[in-house]
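J.: Chains as they are written, first to last, in UniProt numbering: chain A, 1 to 188; chain B, 1 to 450. From the three backbone atoms N, C-alpha and C, an ideal C-beta is built for every residue, glycine too.
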Amino acid sequence: MKLKLNHIIRGLALSCSFFVLCTQRLSAQDSTNAEAQITLTFGEQDSVKQAKAVVTKNHAPLKGVDVIFLVKKSFGSLPLGDAVTTDDNGEAVADFPTDIPGDHEGNVTVLAKVEENDQTGELLATKSTNWGVPTTVKDRFDQRTLWGTAENAPITLVVTVVSLVALVWGIIIYMLSQLVKINRLGKA
Amino acid sequence: MEPVKIKLDKSNQLLTDLMPKKFNASGKLWVGLLLVIVVIGFFAYIRQLQKGLVVTDMRDFTSWGIYISNFVFFVAISLVGSLVSAILKLANVKWRTPLVRISEIIAVAAIFFAAIIIIVDMGRPERFWHLFAFGRIQSPILWDVIVITTYLVVSSLLLYIPLLPDIAICRDLTPASSKFKKWFYTFLALNWRGTAQQYTLIHKCINVLAVLVVPLALGIHTVTSWLFATTYRAGWDSSNFGPYFVAGAFQAGCAGVIAVTYVLRNHYSLKKYITTKHFDNMAKLLVLLSLVYLYFNINEYLVPGYKMKTVDGEHLKSLFTGHYAPLFWSVQIFGMIVPIVVMLFKKGRAPLPVFIVSLMVVVGAWFKRFLIVVPTLLHPFIPIQNVPASWHTYMPTWEEWAITAASLAGALLVITFFVRLFPIISIWEMTEEQQTPQTDEQTNLYEAKA
């Protein structure tokens, strides 16, 4: 029994070693595949907020790569000016505008993107910052509006439509009652 | 009110002339042709049901194609019921009597097929009831559904109630041996005996409906125009659209009545009742309506054309000088200018020329609705990049043409079968006119027949 337990512990230890080894090898493969990398940081220079992207390949800075800076919108992304080319340090810097609307705390998501580059392929870095202008969206979901749900139609509209329909269909029903009367008169 | 006394024997010339007649060879050929078109359209619709709206050329840009153009055309044509039955009646125009029933059956057939074509345009027709169950009262689409349903019911009543005395004549003259026919007329005649009380009721109903149908008719086409005008799209974003649509509808409807009247007059030898004077009067009315529509067209195109705002400009250029220019100018010239000019002359208001220009107006009216619907959709308000090339153009597929042709043939079939079953000119109203002292206008009208 003692022997058996020992076998189990050794077996478990072996399995763990194998798992750790495999994980390390996979990580090593990942880092080999991801030769080119892009990182995004935020900073300020002379009171101007700036987004900085650093492009590297095999951990060495890469010069002459066009980086596009964008801000994520509800649908699609808004480019922050033209593409910026990386310098000797692999750095591309873009000034961040002061009038980009953010969420209620001013949070915006910035993207640094390299498209169709022979050396790097496509690269993308995403990071959030609170540099946007805080925007409060009025929640009118439960209010009676023209663009609301059927249950939230404006009262005046409901009253107008229902009154018109009731009036016209009231006359139609009266006309049908006259037809019934004509029928009865004929029978008599 | 005095009851109208109608002699139910061979001495009554009105009965000989106006009672429904069996189809002759050309009538059968006409019905056969229409049935073939309907069957082909039905086959195309089955394909559309099986494969979906992908069998059409409608894509993300042009999501409304000839089905909706055809729908607007049908709604437009249907307005004629209110024009002849109500507006001319309220204006106390006596000569309208032989044209009332023709215009009413056109109105009912047109509005019925307008409703049908909306269902055809739906990708999932089995969900039609969702419009009523889940419709938003804020949406003009729901208003249109309500007003179309209401107009169909009121137009049907306006056709049916004045028909009662004539159905009773058909019932009384149908031999007992024709059991089904006898039952059919008896069922529809609602025990009509022609008593004074019944005539009083019928006149009251016609008067009430005549007043009711006018705002409804204006409403139906105004609401249809709002389907377009409540958007920001170039060519549709116009506060002018309601009256512009109504004016166009009266013009198209009037031309439709003239065309159908001409065919019925010749086929059923009704020259004694529908005289050259009727065509002369209707032609004058059509000129007036065309001039009003021309005025609205000038407003609709000249004002944005003067400003040429970016999006409007792109849309207008495609109409004035671009892809749709040949169709646009053909519609304006042959569907409006030429008919106006022809009918300004007395010879142009004779039956045949009026019939020809009326056909031109009707055909022009159909293509005008196409020009209202399609080119705007091909210029999306927000440009979308990298879309498939097929989205940039719209050329209806054979299925769309077949279904559209079938709806038009279907409307004509309804009119044809109605004429086969019921007197197309009201016998009791013609008798009533003969029994009451005639005005100078009426005397002149029926003297002109000779």
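Along chain B, which residues have their Cβ under 9 Å away from the Cβ of Gln178(A)?
T.: Ile161, Leu201, Ile202, Lys204, Cys205 and Val208
J.: Is the separation between the beta-carbon of Ile415(B) and that of Ile6(B) shorter than 9 Å?
T.: no
J.: Is there at least one Cβ from chain B nearer than 9 Å to Thr23(A)'s Cβ?
T.: Only weak support exists for where Thr23(A) lies, its pLDDT of 49 falling under 50; the value from the coordinates is given anyway. Chain B contact via Cβ: absent.
J.: Residues of the region 137-167 of chain B in Cβ contact with chain A at a cutoff of 8 Å, in chain order, please.
T.: Ile137, Gln138, Trp143, Ile146, Thr150, Val153, Val154, Leu157, Ile161 and Leu164
J.: So Pro79(A) is in the beta strand (DSSP E); what residue range does that whole segment cover?
T.: In the DSSP assignment, Pro79(A) falls within the beta strand (DSSP E) that extends over Ser77 to Pro79.
J.: Name, please, each residue of chain B whose Cβ falls closer than 9 Å to the Cβ of Ala153(A).
T.: Arg136, Ile137 and Gln138
J.: Between the alpha carbons of Pro243(B) and Pro380(B), how many angstroms are there, rounded?
T.: Rounded to whole angstroms, Pro243(B) to Pro380(B) spans 25 Å at the Cα level.
J.: Report the residues of the region 50-74 of chain A with a CB closer than 7 Å to any CB of chain B, ordered along the chain.
T.: none
J.: Report the rounded CA-to-CA distance for Pro98(B) versus Phe42(B), giving the unit in angstroms.
T.: Between the alpha carbons of Pro98(B) and Phe42(B) lies a distance of about 34 Å.
J.: Excluding the 5 residues flanking Gly52(B) on each side, which residues of the same chain have their C-beta closer than 8 Å to its C-beta?
T.: Gly123
J.: Under 9 Å between C-beta atoms, does Arg193(B) make it to chain A?
T.: yes
J.: Between which two residues does the alpha helix (DSSP H) containing Lys10(B) stretch?
T.: It is not in any alpha helix (DSSP H) - Lys10(B) carries neither H nor E in the DSSP assignment.
J.: Any idea which residues DSSP pairs residue 198(A) with across the strands?
T.: For residue 198(A) there is no data in the structure shown, the boundaries of chain A being 1 and 188.
J.: Gln48(B) versus chain A: which residues are under 8 Å apart at the beta carbon?
T.: Per Cβ cutoff of 8 Å: no residues; Gln48(B) is ~29 Å from chain A at best.
J.: Using the beta-carbon of each residue, which ones in chain E are nearer than 8 Å to Gln198(B)?
T.: Absent from the structure is chain E; the protein chains it does hold are A and B.
J.: Would the region 210-225 of chain B count as touching the region 48-66 of chain B if we require 3 or more Cβ pairs under 8 Å?
T.: no
J.: Residues of chain A with CB closer than 7 Å to the CB of Leu190(B), please, in chain order.
T.: Leu179, Ile182, Asn183 and Gly186
J.: With DSSP run on the structure shown, which of helix, strand or coil describes Glu35(A)?
T.: coil
J.: Give me the residue from Glu116(A), Gln178(A) and Gly186(A) with the minimum Cα distance to His203(B).
T.: Gln178(A)
J.: Kindly identify the DSSP beta-bridge partner or partners of Lys52(A).
T.: Beta-bridge pairing links Lys52(A) to Thr41(A) and Val93(A).
J.: Report the option in Ser390(B), Glu2(B), Glu400(B) and Met395(B) whose CA atom is closest to the CA atom of Thr195(B).
T.: Considering only alpha carbons, the answer is Glu2(B).
J.: Against Ala92(A), what residues of chain B qualify as contacts under a CB-to-CB distance less than 7 Å, listed in chain order?
T.: Within 7 Å Cβ-Cβ: nothing; Ala92(A) doesn't reach chain B, min ~25 Å.
J.: The alpha helix (DSSP H) with Asp144(B) in it runs from where to where?
T.: Pro140 to Tyr160
J.: Express the C-alpha separation of Gln37(A) and Gln29(A) in angstroms, rounding to a whole number.
T.: Since pLDDT at Gln29(A) reaches only 40, below the 50 mark, its modelled position is unreliable, and no value is offered.
J.: Roughly how far, in whole angstroms, is the beta-carbon of Gly253(B) from the beta-carbon of Leu83(B), given that I think they are within contact range, below 8 Å?
T.: Here Gly253(B) really is in contact with Leu83(B); their C-beta atoms are around 6 Å apart, less than 8 Å.
J.: Is the region 159-168 of chain B touching the region 229-242 of chain B, taking contact as three or more C-beta pairs under 8 Å?
T.: no
J.: Any beta carbon from chain A within less than 9 Å of Leu212(B)'s own beta carbon?
T.: yes
J.: If the cut is a Cβ gap below 9 Å, which residues of chain B does residue 222(A) touch?
T.: Residue 222(A) falls outside the range modelled here, since chain A spans only 1 to 188, and no answer is possible.
J.: Which of the three DSSP states, helix, strand or coil, is assigned to Thr85(A)?
T.: In this structure, DSSP gives Thr85(A) an extended state, which the three-state scheme calls strand.
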